[in-house]
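Participant: Below you'll find the structure I mean.
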Amino acid sequence: MENFSYYTPTRYEFGRGAEEKCGALTRLCGCSKVLLVYGMGSVVRSGVLDRVKQSLGSCGVEYVDFSGIRPNPTDDRVYEGIEIVRREHIDGLVAVGGGSVIDTAKAIAAGALYDGDFWDFFSGKAVVERALPVGVVLTIPAAGSEGSGNSVITKVDGMHKISLRTDSALRPRFACLDPELTFTLPPYQTAAGIVDMMAHIFERYFSPSSDVQTTDRVAEGVLQAIIEEAPKVIARPDDYQARANIMWCGTLAHNGVCGCGRVEDWASHGLEHELSALYGVTHGAGLAVVNPAWMTYMADRRPAKVAQMARRVFHISLADDREAALAGIAALKDFYRSIGMPVTLSELGIENPDFDLLVARVHENKGNPFGGYYKLGPADTAAIYRLMQ
Ligand code: NZQ
Ligand code: ZN
C-alpha cells in the first residue's frame, strides 16, 4: 500500500427532504449571498429549485440566479459567473444539479478569488489555493463531483475538455443528497450515471500498487451493489431504496475512499473526454464504450487485475487470466446493454470517428505516455479507439 493523505471536508446530508437544509448549511459556511447555479430547467420543472430558494430565504441568505448550464460545461459560462460574483459581492455558491452544474460552480468559486485567468488552473499554470465555499444539492448520481475536489470544463476555443484535480480546495462544503430528486431522471441519464460511477471505481481499481486488499474489496463491494441496484432503478424510477443505494454508490465511487493507498489509472477518462469534447456525447455513455475497449487491450498485456475483477465481481470461474478477463469484459458489456447503454462508437452515434484527431488530442491533453496502470503511447491509444468500433 502507498502512503496517502485523505481529507474530505464535505458534510453529506442524505435522505428525503435533505435539500431543505441547504439554507442552514449555507449559513454554517458563513455565506450571506450566494450564486445559485443550475442547468437547463429540470430543477425548475421538478420544483426542487423553489424548495432550495425557500430554504435559503428562510435562513436569510440572498441569492442570484445563474441558470442554463449545459452538459459538458464550457469556460464562457465560468467567465460570466466570475463577473457576476465580483459585481454582486457574492460570498458563496450553491449548485443545484449534476456534475456540469457543480463543476461550473467550482470553477467560478476558484476563479473569483484569483487575479489572473481562471483557465490557468486548468492549463497547469497555477494551483488553486483558495476558493469561495461551494454547496451542492445533487439531482443526478453520476459524476461524483458532490464529493470530489475536481472540476471538468471545456475550453470553447479548440474544444479542449480538461479535468482539474485538487486535493481539497474544490471539495464542496456540503452536499444534500435526496434520492427522491432522482425519480425524474430519464432512463438514459440514469444509466449513463451508473456507468460513470462504475468507471470512477475502475480508474482506481486498475492500479499498479500491490497489497491494496482493503480498497480492492471496498471497490468490488460498491461495484456489486451498483450491479444489483441498477436494474431496479431502470425498471422502477421511483424505487426509493434502490435510488438511495445508487446515489450513495455514486458518491463513494468518487470521493476518494476507493483510491486510498494506491496509484490510480484515469486513462479511460482521458480517452472519453476527447469523445465528449469532439462529438458532444454524454460522458457516462462514452465511458460504456471506452471501458470495455481499454480492458480488452489490457487482457492481452496486463490481464491479472481485469481477471480479478471478472472473478470477484462477475463470478467468472475460468483459471486462465486472459480468458477470465475476456469473459468478465463480455459480462460487463452485457450489463451495460441491459441498462440501455451503447458499447460501440456507432451505437454511441459516432459513425465516422476521426481516429488520428482523437489520438493527437488525447496526448496533447493528457501527455505522452499517460495512465497509471499501463502507460499508453499513441500506438496504444490508436489501437484502443479502434477496439471501440
Ligand atoms: O440541465 P438540466 O435541465 O438540469 O438537465 C440535466 C442534464 O441534461 C439532466 N438532469 C439532471 N438531474 C435531473 C435531470 N433530468 C431530470 N431529472 C433530474 N433529477 O441530466 C443531464 C446531465 O446533467 P450533467 O450535470 O451533465 O450530468 P453528470 O452529473 O453526469 O455530469 C457530467 C459532467 O461531469 C463531468 C463530466 O465530464 C461531464 O462534463 N465529470 C466531472 C467529474 C468531477 N467533477 O469530479 C468527474 C467525472 O468523471 C466527470 O468527468
Ligand atoms: Zn466520470
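The sequence shown begins at 116 in my numbering and counts up one residue at a time.
From the three backbone atoms N, C-alpha and C, an ideal C-beta is built for every residue, glycine too.
Hey, out of R358, R332 and Y229, whose CA is closest to K240's CA?
Facilitator: As a first step, residue 240 must be located in the sequence shown, where it is residue number 125. With distances taken between Cα atoms, K240 lies closest to Y229.
Participant: With distance defined between alpha-carbon atoms, name the residue in G250, V337, A224 and E203 nearest to C137.
Facilitator: The residue you call residue 137 lines up with position 22 of the sequence shown. Out of G250, V337, A224 and E203, G250 has the C-alpha closest to the C-alpha of C137.
Participant: Quick test of your reading: V179 and V252, contact by CB under 8 Å. State the CB separation rounded to the nearest angstrom.
Facilitator: The residue you call residue 179 lines up with position 64 of the sequence shown. The residue you call residue 252 lines up with position 137 of the sequence shown. Actually they do not touch by this definition, with Cβ atoms about 16 Å apart.
Participant: Mind checking whether A340 and C373 have CB atoms under 8 Å apart?
Facilitator: Position 225 of the sequence shown, counted from the first residue, corresponds to residue 340. Position 258 of the sequence shown, counted from the first residue, corresponds to residue 373. Contact flag unset, no.
Participant: Might you give, ordered along the chain, the residues of its own chain that have their beta carbon closer than 7 Å to the beta carbon of D311, omitting 5 neighbours on each side?
Facilitator: Along the sequence shown, read from residue 1 onward, the residue named residue 311 stands at position 196. A257, A258, H398, G399 and L402.
Participant: Could you tell me how far apart the beta carbons of D380 and G487 are, in whole angstroms, since I believe they sit closer than 8 Å?
Facilitator: Working through the sequence shown from its first residue, we reach residue 380 at position 265. Working through the sequence shown from its first residue, we reach residue 487 at position 372. That belief holds up - the Cβ atoms of D380 and G487 are roughly 4 Å apart, short of 8 Å.
Participant: Nearest-angstrom Cα distance between D165 and V159?
Facilitator: Working through the sequence shown from its first residue, we reach residue 165 at position 50. Working through the sequence shown from its first residue, we reach residue 159 at position 44. Roughly 7 Å between the two C-alpha positions.
Participant: Let me check understanding here. Comparing Cα to Cα, which of R192, R416 and A434 lies closest to T269?
Facilitator: Your numbering for residue 269 matches position 154 in the sequence shown. T269 has its Cα closest to that of R192, out of R192, R416 and A434.
Participant: How far does the alpha helix (DSSP H) with D165 in it reach, from first residue to last?
Facilitator: Position 50 of the sequence shown, counted from the first residue, corresponds to residue 165. Segment V163 to S173, the alpha helix (DSSP H) holding D165.
Participant: Could you tell me if the beta carbon of H275 falls within a distance shorter than 7 Å of some heavy atom in the ligand ZN?
Facilitator: Your numbering for residue 275 matches position 160 in the sequence shown. In this structure, the ligand ZN has no non-hydrogen atom nearer than 7 Å to the beta-carbon of H275.
Participant: Please report the Cβ distance between T297 and R358, rounded to the nearest whole angstrom; I am assuming they are in contact, meaning their Cβ atoms lie under 8 Å.
Facilitator: For this step, residue 297 is matched to residue 182 along the sequence shown. For this step, residue 358 is matched to residue 243 along the sequence shown. About 5 Å; that satisfies the 8 Å criterion.
Participant: In whole angstroms, give me the CA-to-CA distance for T411 and Y500.
Facilitator: Here residue 411 refers to the residue found at position 296 when the sequence shown is read from its first residue. Here residue 500 refers to the residue found at position 385 when the sequence shown is read from its first residue. C-alpha separation (whole angstroms): 11 Å.
Participant: According to DSSP, simplified to helix, strand and coil, what is N406?
Facilitator: Counting from 1 along the sequence shown, the entry for residue 406 is found at position 291. N406: helix per DSSP, three-state reduction.
Participant: Does the distance from the C-beta atom of P418 to that of V458 stay below 8 Å?
Facilitator: Taking the sequence shown and counting its residues from 1, the one referred to as residue 418 is at position 303. Taking the sequence shown and counting its residues from 1, the one referred to as residue 458 is at position 343. Cβ atoms of P418 and V458: not closer than 8 Å.
Participant: Please tell me whether K168 has its Cβ less than 8 Å away from any Cβ of chain C.
Facilitator: Here there is only one protein chain, and chain C is not present.
Participant: According to DSSP, is S215 part of a helix, a strand, or is it coil?
Facilitator: The residue you call residue 215 lines up with position 100 of the sequence shown. Here S215 sits in helix by DSSP.
Participant: Using DSSP's beta-bridge definition, name the partner residues of T269.
Facilitator: As a first step, residue 269 is located in the sequence shown; it is residue number 154 there, counting from the start. For T269, which the question treats as bridged, DSSP gives the partners T189 and K276.
Participant: In the DSSP assignment, find the alpha helix (DSSP H) that holds F236 and state where it starts and stops.
Facilitator: Translated into positions along the sequence shown, residue 236 becomes position 121. Its alpha helix (DSSP H) spans residues W234 to S238.
Participant: Comparing the CB of D380 with every heavy atom of the ligand ZN, is any distance shorter than 7 Å?
Facilitator: Residue mapping note: residue 380 aligns to position 265 of the sequence shown, counting from 1. Incorrect: D380 has no Cβ contact closer than 7 Å to the ligand ZN.
Participant: Quick check: does the Cβ of H83 come within less than 7 Å of any heavy atom belonging to the ligand ZN?
Facilitator: Since the first and last residues shown for the chain are 116 and 504, residue 83 lies out of range.
Participant: What separation, rounded to the nearest whole angstrom, lies between the Cα atoms of E295 and P248?
Facilitator: Taking the sequence shown and counting its residues from 1, the one referred to as residue 295 is at position 180. Taking the sequence shown and counting its residues from 1, the one referred to as residue 248 is at position 133. Whole-angstrom Cα-Cα distance: 25 Å.
Participant: For the beta strand (DSSP E) that V310 lies in, which residues bound it at each end?
Facilitator: Numbered from its first residue, the sequence shown carries residue 310 at position 195. It is not in any beta strand (DSSP E) - V310 instead sits in the alpha helix (DSSP H) that spans P302 to Y320.
Participant: Could you please give the first and the last residue of the uninterrupted alpha helix (DSSP H) stretch that includes A475?
Facilitator: Taking the sequence shown and counting its residues from 1, one reaches residue 475 at position 360. Counting along the chain, the unbroken alpha helix (DSSP H) around A475 starts and ends at F470 to K481.
Participant: For R286, which option in H315, Y303, A220 and V271 has the closest C-alpha, if you only look at C-alpha atoms?
Facilitator: For the purposes of this step, residue 286 is identified with residue 171 of the sequence shown, where counting begins at 1. Nearest of H315, Y303, A220 and V271 to R286, Cα basis: A220.
Participant: Can you tell me where the alpha helix (DSSP H) holding R452 begins and where it ends?
Facilitator: In the sequence shown, counting from the first residue as 1, residue 452 sits at position 337. It spans D436 to S453 - the alpha helix (DSSP H) in which R452 sits, taken as one unbroken run.
Participant: Is there contact here, the segment 358-368 with the segment 458-471, by at least three beta-carbon pairs under 8 Å?
Facilitator: no
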